[in-house]
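K.L.:
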Amino acid sequence: MTPRPVSRALALSLFVLVLNTAYVASRNLIPEAASSDHGTHHQGIIADTPASSDPPPGADEARRQRPLECFQVAQPVLGPNGPVYQEVARGDGDGEGIPPADPTECKVHLMDHSFGNSFDKPFVGEYTPPGCDFNRVIVNFTATSAGRQLDRLALWYLGDTEVWRTSTAEPRAAPGIIWTYWKDMTPYLSLWKSPQKIIFDLPNLIDDRYTGPFNCTLTATFFKSDAESDNAPPADLIIPISSRNASSNTGSAWQVPEREAVSTVKFPRNANRAVFSVSANGQGTEEFWWSNVLESDAAAFNATVGMAPAGSPWREVQVLIDDELAGVQWPFPVIFTGGVVPSFHRPLVGLDAYDLREHEIDISPWLPVLSDGQEHTFKIKVAGIADEGDRVFVNTTGTKNPEWTQNLSYTNNATLGQFGRNGFNNFIITGTDALLNGLVRYQSTYSYPLIVNQTANMTAAGDLNLDATLFQELRLEVEGAGVYPTGLEAYNAPNRNRQGQNEQYTVSKLSTFRNGTAVFSMPADMKNSSAFGTTRQVFRFSGGRDGARDVELYMRRVKASNNTVLCDEEKSADGRERVLSVPSLSGGAN
C-alpha cells in the first residue's frame, strides 16, 4: 500500500507566528469542505438527530423549564483570580464556572449572533483593543438552541488567521440546550493588541426538518498575570498562510482537493525557532475516517448499503517545505455530538468536541533555509492508504534534520458484517514528538485508543434501529516550550496551591477516557425518533516537576444517562471540591 491523497471532505488553513525572542511558529488547520447539508454517516447508516421529549414527569419544575446544559469535561484555564472552570450541568444554575470580577480586568463583547441559514454567511464584526493593560486573554463561548439540528463545525478567525475550531451540541425541543466553553487565547496576544476583523463561520441550515438555530455569544476577558510557564512566549507577529479571504468577509480555509493547499511566506532573518501547529478533522464521508474501508473494498456491500466511505482507516497530514517533508500529524479521532449514535453525547459530549486540539511540529531545523530572506513554499497534503495487491509501502523520506523526531505507531482491527450494516473498530495511535537541538526543550507523548462496536437493523418497511458501544481514551503529556497553553498556567500562578512546593510544574499530564452504550430508533418516514444512552467519563490532569512525584491538579468523574447527570465528582488542587448526585429520572426519549 502507498499513501494516497484523500479526495473528499477536508480543507485547511495555515498561519505563521513570529514569537518574541525571535521564535517562529506556524499553524495548519483543517475545517469542513462540505458545502451542503448532510446526515451523519457511519458505515453507510444515517444517524440523524432525534427530536426530544419534555423531561419526565416528577422532575423538578425549575429544572424542566431550563435548557439542558451540555458540557465537555476539561481542565480549568487561568483567569484573573485563578482557575476558571468549565460550566457544567450541575442542575442548580449557580454559574460557578464564571470567575468573580476583578478591578484590573476588562471584558469585550465580541459577538451576539443567531446562525440559522448560515452557509456562506458567517458573522462579521470588528474588534477594538480594550483600554486596560493585559498580557493574557481568555474567551467564553456560550450557545443555546432548541429544535432539531445536526452537529455543526465552527471556525473563528481574526482576520485571515483561524484562532479556534469548535463544534456544536445537538439540540432538543424547547426549552432546548445550552453549552459554554472557556478557552485560553493568550498565544494570539499580538493580534489582540490591534484592531481585528472577527469572522465566525458556523454553517447551519433551517428547513422543515432541521429547525434549530444556534444563538451564540462570544466574550473576551483581558487581564494581567505573572503566572509562570515553560511555554514559548506569545507571538510578536502572526502571519497567516491561508486563502486570505477576510477582505471578502468569508473564511480563509482552503478546500481540498478542489484547491491545492499551497502558500509562500518570507521568514524574518532573526528567527531561532519555528513551530508548525496542525489541527485536522474530516466531515461528510471523512467524519469517521477511522472506520473507512480500503479502496478495493468500497463496493463490497454496494447492493445493500451503497458505496462505503473509502480511503482507508488511516490518515496523515503532511507538512512539506519547498516540496520536502518537514513533519506529519496522525489526527485524533474526534467524535462529534451526532457521531455513531447521538445519545452517547447528551449532556456529556465527546473528547475535544468543543475544542479541537492543535498538534505542534517543530520546523527549527529548516531555519537556515527559511531565514535567507527569500520566499519559501509551504504545502499541506492529507493522505490515506491506497491498497495495491498484498504489499505495504509507506513513504517516510523527506526529513531535513534529526533535531526534530517523530515516532508513531498505528493499529486498527476492524470488521464489517451483515452486508455492511454492522461494524467493529479497535483503533489506536501512539506517538512521541521531540525537539533535540539542545537550546529549546519540547516533547509531546500521546495515545489515542478508540473501540466502537455498532450494529444496525433496517426492517423491510425501512425502520432503522442502531445499537452501539463506545470506548475512547486520550493520554497526552507535554514538557517544555510548547506554543499552546496546557492548563498548568492555572496552577503555576503565584499564591496558587502548589501542594506545598515553591517550584512550578513543568510537565502536564492529561489522561481521560469515556465509555458508554446507546440505542437509536427511527421510522421510515423519519418524522420522529427516540434514543437512549449512558456514558461515563473519568478525567485526570496532573503536573510534574524534576525529581518529584506527579501531583493531581484536577480530577472529574461524570456519569450521565438519558439527558441527566447521575453523578458528578470534581476536585481541584486550589481547594475546589464538589460532589453532585442526581436521582435517576426515568424516560429516555431524546
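All the letters of the sequence shown, read from the start, carry residue numbers -26 to -1, 1 to 564 under mature numbering (1 follows the signal peptide of the UniProt record, and there is no 0).
Backbone N, C-alpha and C define an ideal beta-carbon position, used for all residues, glycine too.
In this text the structure is predicted, and so the values were computed from the model without any measurement.
What is the rounded straight-line gap between the Cα of Pro207 and the Cα of Arg488?
P.N.:
Indexing the sequence shown from 1 puts residue 207 at position 233. Indexing the sequence shown from 1 puts residue 488 at position 514. Taking the straight line joining both Cα atoms gives about 34 Å.
K.L.:
Taking Gly412 as the reference, give the member of Ser338, Ser345, Gln348, Leu462 with the closest Cα.
P.N.:
Reading the sequence shown from its first residue, position 438 is the one you call residue 412. Closest by alpha carbon: Ser338.
K.L.:
Should Gly301 go down as buried or exposed, given a rule of 16 or more other Cβ atoms within 10 Å for buried?
P.N.:
Taking the sequence shown and counting its residues from 1, one reaches residue 301 at position 327. So Gly301 counts as buried.
K.L.:
From Asn396 to Ser504, what distance separates their C-alpha atoms?
P.N.:
Along the sequence shown, read from residue 1 onward, the residue named residue 396 stands at position 422. Along the sequence shown, read from residue 1 onward, the residue named residue 504 stands at position 530. In a straight line, the C-alpha of Asn396 is about 20 Å away from that of Ser504.
K.L.:
Take the Cβ of Glu61 as the centre, count every other Cβ of all protein chains shown within 10 Å, and call the residue buried at 16 or more, exposed below.
P.N.:
Along the sequence shown, read from residue 1 onward, the residue named residue 61 stands at position 87. Burial call: buried.
K.L.:
How far does the beta strand (DSSP E) with Glu543 in it extend, from its first residue to its last?
P.N.:
Position 569 of the sequence shown, counted from the first residue, corresponds to residue 543. Residues 538 to 546.
K.L.:
I'd like to confirm the pairing. Which residues does DSSP put opposite Tyr384 in its beta bridges?
P.N.:
Along the sequence shown, one-based indexing puts residue 384 at 410. Per DSSP, Ile403.
K.L.:
Starting from Asn466, follow the beta strand (DSSP E) in both directions and report where the run begins and ends.
P.N.:
Here residue 466 refers to the residue found at position 492 of the sequence shown. Run containing Asn466: none in the beta strand (DSSP E); it sits in the alpha helix (DSSP H), 463 to 466.
K.L.:
How long is the line joining the alpha carbons of Asp210 and Gln229, rounded to whole angstroms?
P.N.:
Here residue 210 is taken as the residue at index 236 of the sequence shown, counted from 1. Here residue 229 is taken as the residue at index 255 of the sequence shown, counted from 1. Approximately 29 Å, taken between the alpha carbons.
K.L.:
Given a cut-off of 8 Å on the beta-carbon distance, is the pair Ile215 and Val291 in contact?
P.N.:
Locating residue 215 in the sequence shown gives position 241, counting from the first residue. Locating residue 291 in the sequence shown gives position 317, counting from the first residue. A distance of 8 Å or more separates the beta carbons of Ile215 and Val291.
K.L.:
Taking the C-alpha atoms as reference points, what is the distance between Ala435 and His350?
P.N.:
Against the sequence shown, residue 435 aligns to sequence position 461. Against the sequence shown, residue 350 aligns to sequence position 376. Taking the straight line joining both Cα atoms gives about 59 Å.
K.L.:
Excluding the five sequence neighbours on either side, which residues of its own chain have a C-beta within less than 6 Å of the C-beta of Arg552, listed in chain order?
P.N.:
Position 578 of the sequence shown, counted from the first residue, corresponds to residue 552. Only Glu544 meet the Cβ criterion.
K.L.:
For Asn255, does the count of other Cβ atoms within 10 angstroms reach 16, so buried, or fall short, so exposed?
P.N.:
Against the sequence shown, residue 255 aligns to sequence position 281. Buried is the call here.
K.L.:
Short check: CB of Val249 to CB of Asp336, under 8 Å?
P.N.:
What you label residue 249 is simply residue 275 of the sequence shown in a count that begins at 1. What you label residue 336 is simply residue 362 of the sequence shown in a count that begins at 1. Taking a C-beta distance under 8 Å as the contact criterion, Val249 and Asp336 qualify as a contact pair.
K.L.:
When you compare only the Cα positions, how much space is there between Glu70 and Thr195?
P.N.:
Along the sequence shown, read from residue 1 onward, the residue named residue 70 stands at position 96. Along the sequence shown, read from residue 1 onward, the residue named residue 195 stands at position 221. Here Glu70 scores only 49 on pLDDT, less than 50, and its place in the model is too uncertain to base an answer on.
K.L.:
Identify which residue in Gly490, Arg247, Phe513 has its Cα closest to the Cα of Pro342.
P.N.:
Indexing the sequence shown from 1 puts residue 342 at position 368. Looking at the Cα atoms, Arg247 is the closest of the given residues.
K.L.:
Which residues mark the beginning and the end of the alpha helix (DSSP H) in which Ser222 is found?
P.N.:
Within the sequence shown, the letter at position 248 stands for residue 222. For Ser222, no alpha helix (DSSP H) run applies, since DSSP gives it neither H nor E.
K.L.:
If you draw a straight line from the C-alpha of Thr160 to the C-alpha of Asp200, how long is it?
P.N.:
As a working note, residue 160 is residue 186 in the sequence shown. As a working note, residue 200 is residue 226 in the sequence shown. The alpha-carbon separation between Thr160 and Asp200 amounts to approximately 13 Å.
K.L.:
Is Ala148 close to chain C, meaning its C-beta is less than 8 Å from at least one C-beta of that chain?
P.N.:
Of the chains in the structure shown, none is chain C; there is only one protein chain.
K.L.:
Count the other CB atoms within 10 Å of the CB of Met496; is the residue buried (16 or more) or exposed (fewer)?
P.N.:
Working through the sequence shown from its first residue, we reach residue 496 at position 522. Sixteen is the threshold: when 16 or more other Cβ atoms of the shown chains lie within 10 Å of the Cβ of Met496, as they do, the residue is buried.
K.L.:
Could you tell me which residues DSSP puts in a beta bridge with Val323?
P.N.:
The sequence position of residue 323 within the sequence shown is 349, counting from 1. Partner(s): none; Val323 has no beta bridge.
K.L.:
Around the Cβ of Asn381, are there at least 16 other Cβ atoms within 10 angstroms (buried) or fewer (exposed)?
P.N.:
Within the sequence shown, the letter at position 407 stands for residue 381. Exposed, by the Cβ-count rule.
K.L.:
In this structure, what does DSSP give as the bridge partners for Gln303?
P.N.:
To locate residue 303, count along the sequence shown from 1; it is residue 329. In DSSP, Gln303 forms a bridge with Val291.
K.L.:
With DSSP as the reference, label Tyr184 as helix, strand or coil.
P.N.:
By 1-based counting over the sequence shown, the position of residue 184 is 210. The answer is coil: DSSP assigns Tyr184 none of H, G, I, E or B.
K.L.:
Taking the DSSP output, what are the residues bridged to Val512?
P.N.:
Position 538 of the sequence shown, counted from the first residue, corresponds to residue 512. Paired residues: Phe487, Arg531.
K.L.:
Measure from the alpha carbon of Pro103 to the alpha carbon of each residue in Ala360, Ala408, Glu269, Glu79, then state which is nearest.
P.N.:
Here the question's residue 103 lines up with position 129 in the sequence shown. With distances taken between Cα atoms, Pro103 lies closest to Glu79.
K.L.:
Just the C-alpha distance for Gly507 and Gly324, rounded to the nearest angstrom, thanks.
P.N.:
The count along the sequence shown starts at 1 and reaches residue 507 at position 533. The count along the sequence shown starts at 1 and reaches residue 324 at position 350. Each residue's Cα considered, the two are about 13 Å apart.
K.L.:
Here's the rule: buried if 16 or more other CB atoms are within 10 angstroms of the residue's CB, otherwise exposed. What is Gln39?
P.N.:
Taking the sequence shown and counting its residues from 1, the one referred to as residue 39 is at position 65. Per the 10 Å Cβ criterion, exposed.
K.L.:
Have a look at Leu540, Thr154, Trp138, Lys240 and flag the residue whose alpha-carbon is nearest the alpha-carbon of Gly347.
P.N.:
The count along the sequence shown starts at 1 and reaches residue 347 at position 373. Between Gly347 and the set Leu540, Thr154, Trp138, Lys240, the nearest pair of CA atoms involves Lys240.
K.L.:
What residue from Ala117, Ile180, Asp158, Cys44 has the CA that sits closest to Tyr458's CA?
P.N.:
Here the question's residue 458 lines up with position 484 in the sequence shown. Considering only alpha carbons, the answer is Asp158.
K.L.:
Please report the residue range of the alpha helix (DSSP H) in which Asn276 lies.
P.N.:
Counted from its first residue, the sequence shown places residue 276 at position 302. Counted as a single uninterrupted DSSP element, the alpha helix (DSSP H) harbouring Asn276 occupies residues 276 to 279.
K.L.:
Return helix, strand or coil for Asp297, following the three-state DSSP convention.
P.N.:
As a first step, residue 297 is located in the sequence shown; it is residue number 323 there, counting from the start. Looking at Asp297 - three-state DSSP - the assignment turns out to be coil, as it is neither helix nor strand.
K.L.:
Using a Cβ-Cβ cut-off of 8 Å (strictly less than) and excluding sequence neighbours within five positions of Ser558, which residues of its own chain qualify?
P.N.:
For the purposes of this step, residue 558 is identified with residue 584 of the sequence shown, where counting begins at 1. A caution first: Ser558 carries a pLDDT of 43, below 50, which makes its placement in the model unreliable, though a value can still be read off. Cβ within range, chain order: Ser535, Thr538, Leu540.
K.L.:
Starting from Trp130 and walking both ways along the beta strand (DSSP E), at which residues does that stretch end?
P.N.:
Here residue 130 refers to the residue found at position 156 when the sequence shown is read from its first residue. 127 to 132 is the span of the beta strand (DSSP E), which, as asked, contains Trp130.
K.L.:
According to the neighbour-count rule (16 or more other Cβ atoms, all chains shown, within 10 Å of its Cβ), is Thr135 buried or exposed?
P.N.:
Counted from its first residue, the sequence shown places residue 135 at position 161. Buried is the call here.
K.L.:
Answer with buried or exposed for Asn205, where buried requires no fewer than 16 other C-beta atoms within 10 angstroms of its C-beta.
P.N.:
Locating residue 205 in the sequence shown gives position 231, where the first residue counts as 1. Result: buried.
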